[in-house]
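Student: I have a structure here, written as structure tokens, and I will follow up with some questions on it.
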Amino acid sequence: MWTWAHKFGSPGYFYALAGKVNPWLTALYIALFATGLYLGLVVAPTDYQQGDSYRIIFVHVPSAWMSMFVYVVMAVFAAIGLIWRLKLTAVLAKASAPLGASFTFLALATGSIWGKPMWGTWWVWDARLTSELILLFLYLGFMALQAAMPDRQTAWRAGAILLLVGVVNIPIIHFSVDWWYTLHQPATITKLGAPSIHPSMLVPLLIMAVAFKVFYLSLLLSRARAEILHRERRTRWVQELARSGQL
Amino acid sequence: MRKQQTFSIFTGILRRDLKLAVRAPSQWINPLLFFLIAVSLFPLGVGPEQNMLREIAPGVIWVAALLAAMLAQDSLFRADFEDGSLEQMLISSRPMSMIIMAKVLAHWLVTGLPLIVLSPVLSILMGLSLVGWWALLLTLLLGTPILSLLGAVGAALVVSVKRGGVLLSLLVLPLCIPVLIFATAVVQTAGVGLAIEGQVSLLGALLALSVTLSPIAIAGALRVTGGAA
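Residue numbers (the working numbering), protein chains in the order written: chain A, -9 to 237; chain B, 203 to 431.
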């Protein structure tokens, strides 16, 4: 286990492995996106209440799921990084942060676009929208902290503590926002959609969710490879790669 | 013997920090003035209508308290970091969490407590009823220590960053949202004459949680950032 972790955690080995895996992941997410979008946009029936505009959920819901998933993944990297001091965790968490922030922004933007025909307004202080907004602030805070510290090691360990504090706080924030929303619930919003979802809509939704996961993984590996090259630019293996023209 | 030492470091640091605060009053008076001015800007901005002011009073006072607390937090570890005493505290054999608790308590006594003392004035300015004022007092009493503890986590993280004040607010304000929500809810519920025990106990629970957990995070953050000046 330990030899494996150290082998896997060494930048050179990870760089090569990620390079080998990534084309397959790319092919996989393109196939999944194609299937999911075809089933969702063409095959799935029109909703009798919301018409075709409901189809945005095939992007909105997966990106909202990803926004929370990525934060938890970063917090796991933070714990591993603080406890076992694996160098790679810093690279992976740093590469994840803009991706997570983008998923959160995508969830907010698509939610807002969906809200316009459904609620008649671009933004309502809905409990879930508000939680997403706060999550976006948490991502931006982490990225700002990383950018503010010149020393890479200090920046990562400080960021890791912030991530752990954030992950303890997220359930509390989520609960308090839910509670705040029920307290202030505006009368203009009606409960949307049917209580259960039909399989013809659920299947493309799940395919899209998997597609988003693979997409994230693939982008994460690319970004992590670029970050590794930058950090290890003075080492021999990177310079040999550059000299042999493989970069 | 050991227990006594632990306690003496607590009282020692508390006394030292209070003495420092008394000798440099601008550090804690300025955030207080900011609080007062920020609140009095709202009637000027939204109009002097009594009913509307009463309605927005809890939110306005609490948001201003939050911002004032963030302004004040920046100075919590900075002076100690710059003159090297923070490093001495980190390498001393005394428990770091005790030192931190003493520093946070001292800081709360000079920045949080005056907010509470000022609250009657603000209640009058914003047209709160007597019941509303009692509720506000209660929430400030329970809530400002939470802000101090959360703010201390941020202050510890950014202590080595030059001009970290804005960054501190960026990091900590999202984490303070639950306090804001529950505290304003208490004042609003009290204003319409309903029972407030539920929300007050939730605030108490948040306080208990932050008193127990945040010293660990603060100590961890200081070990990362506070070492070399």
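We treat Cβ as the ideally placed atom computed from N, Cα and C, and that holds for glycine.
(1) Where in the segment 88 to 171 of chain A do unbroken runs of the alpha helix (DSSP H), each at least 4 residues long, occur, reported from the N-terminal end onward?
(2) Going by alpha carbons, who is nearest to A308 of chain B out of B:I258, B:T346, B:L339 and B:L340?
(3) For A145 of chain A and I263 of chain B, I'd like the C-alpha separation in whole angstroms.
(4) Would you report the Cα separation of V60 of chain A and R213 of chain A, rounded to the nearest angstrom?
(5) When the cut-off is 8 angstroms and only beta carbons count, does L269 of chain B lie next to chain A?
(6) With a threshold of 8 angstroms between beta carbons, is I70 of chain A in contact with chain B?
(7) Taking Cβ-Cβ distances shorter than 8 angstroms, what residues in chain A pair up with I379 of chain B?
(8) Does the contact criterion of 3 or more C-beta pairs under 8 angstroms hold for the segment 51 to 59 of chain A versus the segment 135 to 144 of chain A?
(9) Give the residues of chain A in contact with I383 of chain B, contact being defined as C-beta atoms less than 8 angstroms apart.
(10) Let me confirm a value: A184 of chain A is counted as buried when at least 16 other C-beta atoms fall within 10 Å, else exposed. Which label applies?
(11) Of the residues A:W104, A:L76, A:L192 and A:T172, which one's Cα is nearest the Cα of D42 of chain A?
(12) Should the segment 93 to 101 of chain A be called in touch with the segment 117 to 126 of chain A, which here means at least 3 C-beta pairs below 8 angstroms?
(13) Pull out every residue of the segment 322 to 342 of chain B whose Cβ sits closer than 7 angstroms to any Cβ of chain A, in chain order.
(14) Put G249 of chain B into one of helix, strand or coil per three-state DSSP.
(15) Please list, in chain order, the chain D residues whose beta carbon lies closer than 9 angstroms to that of V355 of chain B.
(16) Go ahead and pull the three-state DSSP assignment for D37 of chain A.
(17) I'd like to know whether the C-beta atoms of S166 of chain A and I383 of chain B end up nearer to each other than 8 angstroms.
(18) On the DSSP letters alone, give me the boundaries of the alpha helix (DSSP H) that I197 of chain A sits inside.
(19) Output needed in chain order: residues of the segment 387 to 405 of chain B with a Cβ under 7 angstroms from some Cβ in chain A.
(20) Span of the alpha helix (DSSP H) holding D282 of chain B?
(21) Does DSSP classify I231 of chain B as helix, strand or coil?
(22) Might you give, ordered along the chain, the residues of its own chain that have their beta carbon closer than 7 angstroms to the beta carbon of S102 of chain A, omitting 5 neighbours on each side?
(23) Whole angstroms are fine: how far does the CA of W109 of chain A sit from the CA of I179 of chain A?
(24) Would you tell me roughly how many angstroms separate the C-alpha atoms of A357 of chain B and T172 of chain A, rounded to the nearest one?
(25) Against P376 of chain B, what residues of chain A qualify as contacts under a CB-to-CB distance less than 7 angstroms, listed in chain order?
(26) When burial is assigned at 16 or more other CB atoms within 10 Å of the CB, is S208 of chain A buried or exposed?
(27) Can you confirm whether L288 of chain B, when its beta carbon is compared against all beta carbons of chain A, has any partner nearer than 8 angstroms?
(28) Please state the DSSP three-state secondary structure of F209 of chain B.
(29) Which of the three DSSP states is assigned to L363 of chain B in this structure?
(30) For the alpha helix (DSSP H) containing I46 of chain A, list its first residue and its last residue.
(31) Which of helix, strand or coil does DSSP assign to L82 of chain A?
(32) Since L320 of chain B contacts L234 of chain B with CB under 8 angstroms, what's their CB separation in whole angstroms?
(33) Below 8 angstroms, can you find three or more Cβ-Cβ pairs linking the segment 284 to 295 of chain B to the segment 251 to 268 of chain B?
(34) Just the chain B side, please: which residues come within less than 8 angstroms of T144 of chain A by C-beta, in chain order?
(35) Counting only the same chain and skipping the five closest in sequence on each side, list residues whose C-beta sits under 7 angstroms from that of V306 of chain B.
(36) From which residue to which residue does the alpha helix (DSSP H) around V394 of chain B run?
Tutor: The short version:
(1) 117 to 138
(2) B:T346
(3) 35 angstroms
(4) 15 angstroms
(5) Chain A contact via Cβ: absent.
(6) no
(7) What I379 of chain B touches in chain A: I124, I163, S166 and V167.
(8) no
(9) S166, V167, W169 and W170
(10) Its pLDDT being 48, under 50, A184 of chain A is placed unreliably by the model, and nothing is read from it.
(11) A:W104
(12) yes
(13) none
(14) coil
(15) Of the protein chains in the structure, A and B, none is chain D.
(16) strand
(17) yes
(18) P189 to R221
(19) A387
(20) R280 to D285
(21) helix
(22) Correct list, in chain order: W112 and W113.
(23) Any reading at I179 of chain A is ruled out, since the residue's pLDDT is 44, under 50, leaving its predicted position unreliable.
(24) Looking at the two C-alpha atoms, the distance is approximately 33 angstroms.
(25) Result: I124, F127, L128 and G131.
(26) With 16 or more other Cβ atoms within 10 Å, it is buried.
(27) no
(28) helix
(29) Looking at the sequence itself, residue 363 of chain B is Val, so the reference to Leu does not match. Coil.
(30) Neither: I46 of chain A is in no alpha helix (DSSP H) and is coded neither H nor E.
(31) helix
(32) 7 angstroms
(33) At 8 angstroms Cβ cutoff, the stretches do not touch.
(34) Residues of chain B with a Cβ closer than 8 angstroms to the Cβ of T144 of chain A are, in chain order, S362, V426 and T427.
(35) For V306 of chain B, same chain residues with a beta-carbon under 7 angstroms away, outside a window of 5 residues either side, are S350, L351 and A354 in chain order.
(36) Boundaries cannot be given for V394 of chain B, as no alpha helix (DSSP H) includes it and DSSP labels it neither H nor E.
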